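Here the structure comes first, spelled out in structure tokens, and everything after it is commentary.
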Ligand code: ARG
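In UniProt numbering, the protein residues as written are 1 to 563.
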């Protein structure tokens, strides 16, 4: 039921073709205050066209609209305000939602086309940083939302598994490494080796040369180098998998930078053929002066390729393999220039699809106002942070609901959900202050608040003992439920906006507002009193649980039924 469209039809019927239906539809607004009705049509545009006052026009049309779904249409100054018939409309919404279940809000704008989402992408042999956490959480939510919009989401983890750091690691390993400690604690051990290399290299300049030589060997396919590389990669990936498992994130591909190693010659040839490659100080570059940007470095003077070369190659590969409709890169601000350059080089190569690529940056995670760093030994190990969140959640649950049977499982949902929600509730470009205590509150704009609201609604349904399957509820007439019902109607457009803007925060904020409305309802209306409207009230509670849990799912958060 598209009420905006229905209202637009009524209005345009009165206009004898002065404005087209879609023009009327675009003008319709949702008033801020309840006493201004549910939909409003501003008459300013018409006033200009007809050289009449907008007040007059509103007055003229108001009396003529007679449709039972619009209980009252009245002129309010230059606006034509429309009050929906709560009984009819709420009945319709309740029935639709009960029927659609978690499919409610699904859209068909994607037509099963592919959206490739490059996210998380940590670097092998280095810790999983707070930035990678943000990328993981935001990227996964965008992928879920894309699927809800009817796209196929291809989740790609473009691992940082190639580059000069592997030369350094091999040298450090050969000098100071121990197999056993690497196997036991790979990320920490490899990071220590990496740090030690830099300390020693400051005194002993030969080390850098050796590292370069080992990386060259690696690029040339030297057996020993490859074996070590593969071992470091496997060990690190196993560590990362623990985090992905905790967060409930999975990928279609882990093809990282190394995967493109043998495919880059082709890219370089292609650039040459198209006459785009120029020498600059011995290096090969693509000039971007016409865009006022520094050149994109393709090949160093010693023949080594660069990050950008690998991303260009990856883009070509992905277009060929997935024929993507959109390619998204969820990566921090610091790499804005890099992605601008990569997209422009592809455009210069003549690929139209370069316009369908987007860099999706996000802000930093701060602790006491300072960027949370994983460098210089001050590492925050993410796995430990997540475990701590789960422990804190467990404590709250034990205090609130000691009898809960599957406490540990629920604590995991709540702890992880708290971290994810805290990340997604503000526009992604903002920095976020990381406070476990705050994000785990059961009140306020937190994940646990929404999960708790959902669980509370589920518990009402359990208590009622009324079977809601196949129920054909009547409508509801009170203002509290009306506020909720109007929110529920908004869900599909919130999803669409969230996708268009690559902004999961749209959904997060929506869930906070819906939870607040529901808790008001819960506080003011006796849901379980046995009267004629009980079934309808329970239907309302049921559809609220549907939308809350579906909204949380889109963000990558689970919704326990009891907590
Ligand atoms: N590994 C990189 C980093 O940690 C991020 C890779 C992002 N994806 C890409 N296709 N460049 O900084």
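Glycine included, every Cβ here is placed at the ideal spot set by N, Cα and C.
Quick caveat, the model's predicted, so the values are computed rather than measured.
Query: Please determine whether the Cβ atom of residue 236 lies at a distance below 8 Å from any heavy atom of the ligand ARG.; Result: no
Query: My output table needs one value for residue 22: the three-state DSSP class, helix, strand or coil.; Result: helix
Query: Note down the Cα distance separating residue 11 from residue 475, rounded to an integer number of angstroms.; Result: 25 Å
Query: Tell me the rounded alpha-carbon separation between residue 564 and residue 246.; Result: The question about residue 564 has no answer here: the residues shown for the chain are numbered 1 through 563.
Query: In the DSSP assignment, what are the bridge partners of residue 70?; Result: 67 and 84
Query: By alpha-carbon positions, which one of 35, 99 and 108 ends up nearest to residue 81?; Result: 35
Query: Can you tell me whether DSSP reads residue 362 as helix, strand or coil?; Result: coil
Query: Rounded C-beta distance between residue 324 and residue 115? I'm assuming under 8 Å.; Result: 7 Å
Query: For residue 330, which of helix, strand or coil comes out of DSSP?; Result: strand
Query: Rounded to whole angstroms, what's the CA-CA distance from residue 227 to residue 235? Just pull it up for me.; Result: 12 Å
Query: Rounded C-beta distance between residue 277 and residue 298? I'm assuming under 8 Å.; Result: 7 Å
Query: Could you tell me whether the Cβ atoms of residue 255 and residue 308 are closer together than 9 Å?; Result: no
Query: Got a sec: does the ligand ARG put a non-hydrogen atom nearer than 8 Å to the Cβ of residue 37?; Result: no
Query: Could you compute how far the alpha carbon of residue 249 sits from the alpha carbon of residue 556?; Result: 8 Å
Query: Measuring alpha carbon to alpha carbon, tell me which of 414, 296 and 343 ends up nearest residue 359.; Result: 343
Query: Flag residue 139 as yes when its Cβ comes closer than 8 Å to any non-hydrogen atom of the ligand ARG, and as no otherwise.; Result: no
Query: Find out if the Cβ-Cβ distance for the pair residue 521, residue 540 is shorter than 9 Å.; Result: yes
Query: Between the C-alpha atoms of residue 21 and residue 354, what's the straight-line distance to the nearest angstrom?; Result: 35 Å
Query: Closest to residue 241 by C-alpha separation, out of 40, 519 and 157, would be which residue?; Result: 157
Query: Per DSSP, what kind of secondary structure is residue 2 in: helix, strand or coil?; Result: coil
Query: For the ligand ARG, I want to know if residue 121 counts as a neighbour, meaning its beta carbon is within less than 8 Å of at least one of the ligand's heavy atoms.; Result: yes
Query: Looking at the unbroken beta strand (DSSP E) that takes in residue 114, where does it start and where does it end?; Result: 114-118
Query: To which residues does DSSP link residue 42 through a beta bridge?; Result: 79
Query: Figure out for me which residue from 58, 47 and 76 has the closest Cα to the Cα of residue 37.; Result: 76
Query: Give me the Cβ distance between residue 251 and residue 134, rounded to the nearest whole Å; I'm assuming they're in contact under 8 Å.; Result: Residue 251 to residue 134, Cβ: 17 Å. No contact.
Query: State the DSSP-derived secondary structure class of residue 180, mapped to helix, strand or coil.; Result: helix
Query: Answer yes if the segment 507-521 comes into contact with the segment 439-455, meaning at least three C-beta pairs across the two stretches below 8 Å, and no otherwise.; Result: yes
Query: Pull up the distance between the alpha-carbon of residue 24 and that of residue 64, whole angstroms please.; Result: 17 Å
Query: Got a sec? Which residues, its chain only, sit under 6 Å from residue 512 by beta carbon, not counting five neighbours each side?; Result: 445
Query: Should residue 189 go down as buried or exposed, given a rule of 16 or more other Cβ atoms within 10 Å for buried?; Result: buried
Query: Tell me which residue opens and which closes the beta strand (DSSP E) that residue 279 is part of.; Result: 277-280
Query: Tell me, which residues are paired with residue 253 by DSSP?; Result: 156
Query: Residue 364: buried (16+ other C-beta within 10 angstroms of its C-beta) or exposed?; Result: buried
Query: Taking just the CA atoms, how far does residue 547 sit from residue 105?; Result: 9 Å
Query: Kindly indicate which three-state DSSP category residue 372 falls into: helix, strand or coil?; Result: coil
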